[in-house]
Every structure is written in C-alpha cells, then in structure tokens.
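A.B. asks: Numbering (my numbering), first residue to last: 5 to 403.
Questions regarding the structure given below will be posed in turn.
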Amino acid sequence: MGALIGLRTLLDPGAAGAEMGSMMTSTNPEEIQEVILRVKPSVVLVSVKVQGEATVLCGEKSSNTVSLPSRGETGTGFVVHPDGYIATNAHVAGPAKGALSNQELEDLGREAVVAACGDALAGLSPKTREARIKALSQRPENRRGLRAARQVQVAFQDGKTLRAAVLASNPPVIRARTGTTGNARGVPDDVAILKVERRDLVAAPLGRVAAQIGDQLFVIGFPGVVLAHEMLSTRSRVAPSVTVGRVSGFKLDLADQEVIQTDASITWGNSGGPAFSTRGEVIGVATFLSIGREGMEVQGFNFLIPVGRVATLAATVGLVPTADSAIGRQWAAAVSAFFAERHDAAIAGLTEILRADPTFPDARRLLAAAQARPARGSAEWGNWMREMQEGGMSSSQMK
5 MGALIGLRTL
15 LDPGAAGAEM
25 GSMMTSTNPE
35 EIQEVILRVK
45 PSVVLVSVKV
55 QGEATVLCGE
65 KSSNTVSLPS
75 RGETGTGFVV
85 HPDGYIATNA
95 HVAGPAKGAL
105 SNQELEDLGR
115 EAVVAACGDA
125 LAGLSPKTRE
135 ARIKALSQRP
145 ENRRGLRAAR
155 QVQVAFQDGK
165 TLRAAVLASN
175 PPVIRARTGT
185 TGNARGVPDD
195 VAILKVERRD
205 LVAAPLGRVA
215 AQIGDQLFVI
225 GFPGVVLAHE
235 MLSTRSRVAP
245 SVTVGRVSGF
255 KLDLADQEVI
265 QTDASITWGN
275 SGGPAFSTRG
285 EVIGVATFLS
295 IGREGMEVQG
305 FNFLIPVGRV
315 ATLAATVGLV
325 PTADSAIGRQ
335 WAAAVSAFFA
345 ERHDAAIAGL
355 TEILRADPTF
365 PDARRLLAAA
375 QARPARGSAE
385 WGNWMREMQE
395 GGMSSSQMK
C-alpha cells in the first residue's frame, strides 16, 4: 500500500551556475556538510489552513449558521526562483488559485451538517444517522451555504512568514484511476508552484544530470513527527531535518510516469520537500511513502517525483527556474570560504550579507563560527557544525 505524505491534519496538535557546478561529489562528511549548508536556506515550511462557516438547512424551514472547524496541514517546499517562486506538492497546496477540491467540499459539508443539525440527528441509529448526514450535506441549498477559503503560507528560515498564491497545481494520480481499462486520467505529477511577494532569495538549483541507482542523496524538510514532538523544545521542532539515503530504484506510477525510489527516511510533513544530490542540485520532490498491512509506515521504500516535472509545470506559468541571485552567489562564496578555512574572506562576505539582511539566521551562526576560526575536522569545528543545524524558526511561524 502507498500513501501521499502530509495528508494528515496538523492543526490541533546556474549558482548559482558556476558556484553550484563546482561542488564536490564525494561523500566525505565535511563536503556533504558544506553542500547542505549552501542549499538549506532555500527550503521552506508550507502551512495550509481551511476556515469558514456554513448555513445549513436541517429540516424544511429552520437553518443554522455554524463556524467550520479549522483544518490544515503542513508540508515542505523549496525556492525555485529568487523572486519568490516556490515548488511543493499539489496535495499540500491544493488546486490552483486557492480553490477547494471536491473532496474538501464534501468533507466540510459533512462537518457542517454534524455541527448544525445535532438535534435532528440525535437518537438515530448509526446507519440512519450516516445516511441522513450524507443526504443533508448534498442538498443544493446546503452546498450553496458553505463558505470556506484556503490560506497558504510560507515560512522562511529567517523568521518571515508570507501569504502564498497557488499559481499552478497538478493533482496526484491516486484518485484518478479508471475502472475497466486501468488507465489513469489527468496529469498526476503532484507538483504545485507558489508565489510570495519577496525577492533575492537563496534558490535551489534543479538537477541537470539524471539520477542513477546508488546515487547518494539527502532530503531536507519539516517532518510532522518532529514539528509535533512533545519531547523537543519548540525551537528545535521547527529546525529543518536532514535525512540521507540513496537512489534505490525507478518505478512507474498509476499514469506510467517515472518516480524515483529512495531509502532515505521521509514521512508526512516532508511532502513537497527537495531531495538533493551531493552536488547540491534538486533531483526529486518527496511525494509518497509506503504503508504496510497494519497501516504503519514502512521506511526504506519512499518515492520522489523527478525534478524535471517541476520545470515542466513552471513553464505553464511562464517561469524558468533559476538559482542565480546576488544573495545566492554571496552565500555560496561565504560557505566555500569558511570550509576552505579562509576565515577572513568568510567574515567579509557574511558581514556583507547581514548588512543587507540582518535576519539571515545561518549567516549569523556561520559568522560566529568564522570569527572563532576553528580548524577543519577539530572538535571545535564539529561543535560549530552542530550549532548550524540546531537553530530553527520561532514557534509563532507555525500559526
């Protein structure tokens, strides 16, 4: 069995060109740390809330107006253009232009009936009650009385949270399969393109080389099990997580389109997150995982959408993804200088970055590390590397 990542509710609980092209492809831990630090600022937290109210006719004459229970989820996204364009999963962001899907409307209609028609439903047998709820939720006047809206927000690692518009969205194939022929209808990419009003961001470069079995990769994202973990401080919960694995296969989805299989751990909340090669290029987008017979996640058998389909969807809105930006070049150069132990150059570059954007959290931490001038591979160096990964966003960004 399979499951899309992130469909559970989480409310109540070129670098550009030249810089990225020069990245090492070795699996040396320090080189991997350098690549992770370069691309980490491009990864964002995507949160979606659906709220509204409904006027429900429970009988022939009387109607009740109720507020709908707030519902939502979180996922991951990544900047694909420095002018505020972001890629994520369609099943996270929802349909283009912020519309609600038919399934969401059905679910909300049912919730509205339950909230508004408690007296009319009282005393009915479970089977009769369910049939009555379904009938009431499908009444045309009750469907017209449903007023709900989706709000998509993007939280950046520097503390800024912005409303996002859904420019394009291709739904996943899971509900598109037909009965007799076994063919799938529609475009099943499970990719969406978002837009926020922000410029000169650090963007992630899309891969130019096709992935191969055995290639090492790492996934950066905001897994829901960490965001909601009661044993972690709120500061640590909202720091992005990195999981490492390899390309373990290539499969076909229900529409006979290729997906990449990986043994890197991903779970709900990783939806829409990037999987990077050791060059620091996005090779795939986390989309669905595997579920065992007992309904539990089976790690080691997770799937990615090849990154080329992100570029294909972006083209439908006239967007050509690029990682080239002033801040991206400055950041890549500063990180390279630090890892080459050219501390004076790193300090100068990071000071310039912070002069333009004092909220850049990784730049603040890396500047402190450069000023300490640790020897590469030393215990002090290791302590600074851990410090780079411990900081997160404020808990207010989850609201």
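Backbone N, C-alpha and C fix where the C-beta goes; we use that ideal spot for every residue, glycine too.
Buried or exposed, going by whether 16 or more other CB atoms sit within 10 Å of the CB of Val43?
C.D. replies: The residue labelled residue 43 in the question sits at position 39 within the sequence shown. Result: buried.
A.B. asks: Please list the terminal residues of the continuous beta strand (DSSP E) segment that includes Val206.
C.D. replies: Locating residue 206 in the sequence shown gives position 202, where the first residue counts as 1. Taken as a continuous stretch (DSSP letters only), Val206 belongs to no beta strand (DSSP E), as it is neither H nor E.
A.B. asks: Can you pull the DSSP bridge partners for Lys255?
C.D. replies: The residue labelled residue 255 in the question sits at position 251 within the sequence shown. Its beta-bridge partners are Val263.
A.B. asks: Is Pro73 helix, strand or coil when you go by DSSP?
C.D. replies: Taking the sequence shown and counting its residues from 1, one reaches residue 73 at position 69. It is coil, neither helix nor strand.
A.B. asks: With contact counted as at least three CB pairs below 8 Å, one residue from each stretch, are the segment 213-230 and the segment 243-254 in contact?
C.D. replies: yes
A.B. asks: From Lys144 to Thr69, what does the alpha carbon distance come to, in whole angstroms?
C.D. replies: Your numbering for residue 144 matches position 140 in the sequence shown. Your numbering for residue 69 matches position 65 in the sequence shown. Just to set this straight, residue 144 is Pro in the shown sequence, not Lys. Cα-Cα distance, rounded: 16 Å.
A.B. asks: To the nearest angstrom, report how far apart Gly386 and Ala349 are at their CA atoms.
C.D. replies: Taking the first residue of the sequence shown as position 1, residue 386 is located at position 382. Taking the first residue of the sequence shown as position 1, residue 349 is located at position 345. Straight-line Cα distance between these residues: approximately 21 Å.
A.B. asks: Taking 8 Å as the cut-off, does the segment 49-56 touch the segment 158-165 (at least 3 CB pairs, one atom from each stretch)?
C.D. replies: Counting Cβ pairs under 8 Å, three or more are found: they touch.
A.B. asks: Would Gly81 pass as a contact of Gly276 if the rule is Cβ separation under 9 Å?
C.D. replies: The sequence position of residue 81 within the sequence shown is 77, counting from 1. The sequence position of residue 276 within the sequence shown is 272, counting from 1. Their beta carbons are under 9 Å apart, which means Gly81 touches Gly276 by this criterion.
A.B. asks: Could you check whether Trp272 and Glu77 sit closer than 9 Å to each other, using their CB atoms as the reference points?
C.D. replies: In the sequence shown, residue 77 corresponds to position 73, counting from 1. In the sequence shown, residue 272 corresponds to position 268, counting from 1. Closer than 9 Å, so yes.
A.B. asks: For Val263, does the count of other Cβ atoms within 10 angstroms reach 16, so buried, or fall short, so exposed?
C.D. replies: Taking the sequence shown and counting its residues from 1, the one referred to as residue 263 is at position 259. A buried status is given to Val263, since no fewer than 16 other beta-carbon atoms sit within 10 Å of its beta-carbon.
A.B. asks: With H, G and I counted as helix, E and B as strand and the rest as coil, what does DSSP make of Leu171?
C.D. replies: Taking the sequence shown and counting its residues from 1, the one referred to as residue 171 is at position 167. It is a strand residue.
A.B. asks: With the cut-off set at 9 Å, would you say Ala315 and Val321 are in Cβ contact?
C.D. replies: Position 311 of the sequence shown, counted from the start, is the residue given in the question as residue 315. Position 317 of the sequence shown, counted from the start, is the residue given in the question as residue 321. Not a contact, by the Cβ cut-off of 9 Å.
A.B. asks: Classify Arg136 as helix, strand or coil using the three-state DSSP reduction.
C.D. replies: Here the question's residue 136 lines up with position 132 in the sequence shown. Shown here, Arg136 sits in a helix according to DSSP, grouped into three states.
A.B. asks: Could you tell me which uninterrupted beta strand (DSSP E) segments, each at least 3 residues in length, are contained entirely in the segment 78-142, listed from first to last along the chain?
C.D. replies: Runs found: 89-92.
A.B. asks: I need the boundaries of the alpha helix (DSSP H) containing Glu356, first residue and last residue.
C.D. replies: Indexing the sequence shown from 1 puts residue 356 at position 352. Counting along the chain, the alpha helix (DSSP H) containing Glu356 begins and ends at 347-360.
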